[in-house]
Each structure stands twice: as C-alpha cells, then as structure tokens.
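A.B. asks: Numbering (my numbering), first residue to last: 413 to 692.
Beta carbons: idealized from backbone N, C-alpha and C, even for Gly.
Computed from a predicted structure; not experimentally measured.
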Amino acid sequence: MTDDTPRLARLTTYPLKSLDPTDHESRAVEYGTLAGDREYAMVAKPADAAHDPETASVGGQGDYVNGKRTAAVHRLRSSVDREASTVTLREQGGDDARTFSLDAPGELNAYLSDYFDEPVSLRHEPRGGYPDDREYDGPTLVSTATLREVASWFGITVDGARRRFRANLEVDGVPAFWEDRLYADRGEAVAFRVGEVELLGLNPCRRCVVPSRDPDTGEETPGFREAFLRERERTLPPWLDSDRYEGNFRLMVNTRIPESEWGAGLSVGDRVEVLGTRQC
Numbered sequence: 413m414t415d416d417t418p419r420l421a422r423l424t425t426y427p428l429k430s431l432d433p434t435d436h437e438s439r440a441v442e443y444g445t446l447a448g449d450r451e452y453a454m455v456a457k458p459a460d461a462a463h464d465p466e467t468a469s470v471g472g473q474g475d476y477v478n479g480k481r482t483a484a485v486h487r488l489r490s491s492v493d494r495e496a497s498t499v500t501l502r503e504q505g506g507d508d509a510r511t512f513s514l515d516a517p518g519e520l521n522a523y524l525s526d527y528f529d530e531p532v533s534l535r536h537e538p539r540g541g542y543p544d545d546r547e548y549d550g551p552t553l554v555s556t557a558t559l560r561e562v563a564s565w566f567g568i569t570v571d572g573a574r575r576r577f578r579a580n581l582e583v584d585g586v587p588a589f590w591e592d593r594l595y596a597d598r599g600e601a602v603a604f605r606v607g608e609v610e611l612l613g614l615n616p617c618r619r620c621v622v623p624s625r626d627p628d629t630g631e632e633t634p635g636f637r638e639a640f641l642r643e644r645e646r647t648l649p650p651w652l653d654s655d656r657y658e659g660n661f662r663l664m665v666n667t668r669i670p671e672s673e674w675g676a677g678l679s680v681g682d683r684v685e686v687l688g689t690r691q692c
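#1: In or out: glycine 635 buried (at least 16 other Cβ within 10 Å) or exposed?
#2: What does a CB cutoff of less than 6 Å around valine 686 pick up in its chain, not counting 5 residues either side in sequence?
#3: In three-state terms, what does DSSP make of alanine 461?
#4: Can you give me the C-alpha to C-alpha distance between valine 570 and glycine 675, rounded to a whole angstrom?
#5: Could you pull the start and end residues of the alpha helix (DSSP H) that leucine 641 belongs to?
#6: Between which residues of its own chain and glutamate 591 is the CB-CB distance below 6 Å, once the five residues before and five after are set aside?
#7: With DSSP collapsed to three states, give me the class of alanine 563.
#8: Taking all protein chains shown into account, decide if lysine 457 is buried (16 or more other Cβ within 10 angstroms of its Cβ) or exposed.
#9: For proline 616, write down the residues that DSSP places opposite it in a beta bridge.
#10: On the DSSP letters alone, give me the boundaries of the alpha helix (DSSP H) that aspartate 526 sits inside.
#11: Could you check the C-alpha separation between threonine 414 and glycine 599 for me, to the nearest Å?
#12: Going by alpha carbons, who is nearest to valine 621 out of Val499, Val492, Pro418, Arg481?
#13: Give every residue of the same chain whose Cβ lies closer than 7 Å to the Cβ of cysteine 692, excluding the five residues on either side of it in the sequence, and list them in chain order.
#14: Here's the rule: buried if 16 or more other CB atoms are within 10 angstroms of the residue's CB, otherwise exposed. What is threonine 424?
#15: According to the neighbour-count rule (16 or more other Cβ atoms, all chains shown, within 10 Å of its Cβ), is alanine 709 buried or exposed?
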C-alpha cells in the first residue's frame, strides 16, 4: 500500500455504552457490529413525564444513562475486562478505582445509583449490543483527517476530538470529510470493503450534545454548536449531494453490515475500497 491508500487506522469499541473506549488491533464482526461494542448499558427507570424516546432503551426498560441525559458520565473512567467479565470504575481525578462483576452486577448497580444519585441498573445484550442508532446499527466511521480538521476549529487535540465523536472505525490516507462519499440518497447505500468485510454506508451521523463537552470533565465548550455549524458549512465538500444530508450538525457515517459478512474480522491496516452505490 502507498501512503495515500485508504486504510483502517483505528478500530475501537465501547464495551459499556457511553463510557470509555477500548482500542483493538483486530475485531470480529458479530450480529452486524464489532464484537463487544456497546454490549452493556446503564439504564435508569424514568418518571413518565421525563421519558425521552430518543434515549429510551430497547424493550421499554428505562432510559439510557448517557451523555444526552447527564454530563456526569464524562467524569467516570472505565475499563472492561471481557475475559474476567469485570469492569473497573473510578471518578476522573480520583485514585479510588473499584472493580465489579458484570455477571452479578448488584454491587455495580449500587455504585452507579450512588454516583448518579438515582436508581441505575446494568443491562446486557450480547447479540448486537445497544447501538446508538437502532436503524443503522453497524460500526460508525470517520477519517483521521476529519478529526484533525474539526480539532483545529476548537483548539483541541485530535485525540480529544476522537473521544468526543466516538467512532468505531477510523480511516487514514484520505482527505478531510472523505467519509461523506460513503452514503448516497434515500433508498440507496454505498458499498465499501474494509479488508475482506463488506459494509454499507447509509447515513451521515446526526450529532447530539455529547461532542460539545470535554470528555474528561463534562464541561461544555461555549458556542460549540454555532461554531461547528459555521465551520461545517465553510468546509462542506463541493461534491456532496445527498438528500440524507439534512443540516450541518452531522459528522461520521452510520453503516450496516450484511448478515453474509458476520463472522469475518477487521484489522488495523486493512485496505478500504469503495465499491459503488447500490439500491437498498
């Protein structure tokens, strides 16, 4: 591969939805997404009047405890050990790390309830996890150059932008906003291959309040949305022409992985190749 060959530069999962990432050299595809991605979620039982359909968990079991609900999630550091089936948590800036069982989460639920000051319990879904987008439930994708460009708008590091936008797949060897080539109009998908795995690019990812906050403290960046909209308009690729692109508060691509690809794997360094537009 030459230096300008699109390639998979990072491969990331979020074992416990809304908390810290885990980077991998390779990862299997299971049930349409990366193995172990958002396999666990924190859920709070809502008061009826406060129930938000956009944050509601699958099966009507309550609302996700995520960045849309509370900035407190940003101040909670986490590390999941899948082999031991444990999670280690600590508050940002603190040294008191505690390890909990994921199989018998009673003590974990008590810790989370105390931390968030409301009843919180763990949910587990090994068959595809709890994707941020239930319709386009494959791994999300962005380019390194895009993260570098967006980081320059706010005077933050590329890793800071990476942690704010929380993509699964990061592609290098391409210009900023290259990923906007990976979706077309409604009723269409853009097929592309990463290594030996074929994915379908479907939708530009609509952003929420989470990227506007410092990923360590939860402190909101003043004027983030307004600046993002202005800069996204200024740098919008002239070739971008999709009726799925509704407004400039969008970044990354939502995908789907066909069932025929389940069981295959992705690896850092895999070549990325655009195959063309297909009818859905």
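C.D. replies: On the basis of the coordinates in this document:
#1: exposed
#2: Phe604
#3: Reliability fails at alanine 461, whose pLDDT of 45 lies under 50, so the model's placement of it is uncertain and the value that follows must be treated cautiously. DSSP places alanine 461 in helix when its eight states are reduced to three.
#4: 32 Å
#5: 636-646
#6: Leu553, Val554, Ser555, Val665
#7: helix
#8: exposed
#9: Val665
#10: 518-528
#11: Any answer about threonine 414 is weak, because its pLDDT of 44 lies below 50 and its placement is not dependable; what the coordinates show is given next. If I take the Cα positions, the gap works out to 34 Å.
#12: Arg481
#13: Gly599, Glu600, Ala601
#14: buried
#15: In the structure as shown, the chain begins at 413 and stops at 692. Residue 709 is therefore absent and cannot be evaluated.
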